[in-house]
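When we follow the numbering used here, the leftmost residue of the sequence shown carries the number 7, and every step to the right adds one.
Take a look at the structure below.
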Amino acid sequence: IRFGLLSLAFAAGVVAVMHLRKPGDSGAVSRKGIDVVIALDVSKSMLATDMAPSRLDRARQLINKLMDAMPNDRIGLVLFAGQAYLQMPLTTDHGAAALFVSAASPDAVPSQGTVISEALKRSAGAFNAAERRFKAVVLISDGEDQDEDAVATARNLAEQGMMINTVGVGSTQGSYIPDPSTGGNKKDEMGNDVLSRLNETTLKEIARVTNGTYVHLENSDDAIRELTGQLGQIEKKAYGDVSLVNFKSFYWIFAGLMLLLLLAELFVPEIKKKKA
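Below you can see the structure in the form of structure tokens.
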């Protein structure tokens, strides 16, 4: 009997830890917004200082302001350089998104370069493939693309209903790239300092073929107004926000049952058989 009570108490404890719950009727929240994936270039050229304190820092500031201006929209984050990674899936938790943005750096992607086509494909994978609307991407880069397929990829994604808005970070005059390991500038194979320039041509063409807009990042507030105005043209949809749902929990029932079974086990006497 004691073994049976202990076994039942253990089972009740396991169920309590599972935290069984169901959504409450009064707490369900429905939001109306769009899905936006932000593709951020974290290649080493984004460390150039022609935009103080650096291109990457200015890009991160822009993303945080953009999320503040889009409180009802779901945000996803893709980081790319020589490869692209989905850093955060679509979510309304903008606080978590801000943490991912603040940690974005060239160290997040082991392969260097700027492969925009892969970033666009990875961004497309974050959306619901069954839907052909409501898809928007904000691509932030200095445009030093080493991939000739970028525009062709953008054109294919446009046929799937995706709008790509591009943000150019940097100057056409260019700037040298700091090398933290040496304290000087990054050098090429010939030992010359690498000069990184903003390539607006590719970024403008990507935006054009997808009915998006190109913004040269100079003033963050102006860039935000232009981006939100463009994104506001996308039809909004209603979706449930699970983060704001009130759940009814049942763990306390099983925790209480576990406690009662343990108490009952204490009152069961242990009877030993006497040897003959």
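Even for Gly, the Cβ is constructed at its ideal location relative to N, Cα and C.
- Burial state of Q166 is exposed, judged by a 10 Å Cβ sphere holding fewer than 16 other Cβ atoms.
- Under the rule that a run must span 4 or more residues, the alpha helix (DSSP H) segments found entirely inside the region 186 to 271 read 206 to 215, 226 to 237.
- With contacts defined by Cβ atoms closer than 7 Å, L126 and L163 form a contacting pair.
- Per DSSP, reduced to three states, the secondary structure at D74 is helical.
- Secondary structure of N162 (DSSP, three-state): helix.
- Here the C-alpha atom of V23 lies approximately 15 Å from the C-alpha atom of K254.
- In the structure shown, the three-state DSSP call for G180 is coil.
- Shortest Cα-Cα distance from A213 to any of L201, L237, G197 involves L237.
- DSSP places G174 within a strand segment (E or B) once states are collapsed to three.
- The bridge partners DSSP lists for I81 are V42, T97.
- Judged by DSSP in its simplified three-state form, V48 adopts coil rather than helix or strand.
- Within 10 angstroms of the beta-carbon of V20 lie fewer than 16 other beta-carbons, which makes it exposed.
- Using a 10 angstroms sphere on the CB of G101, the tally of other CB atoms stays under 16, which defines it as exposed.
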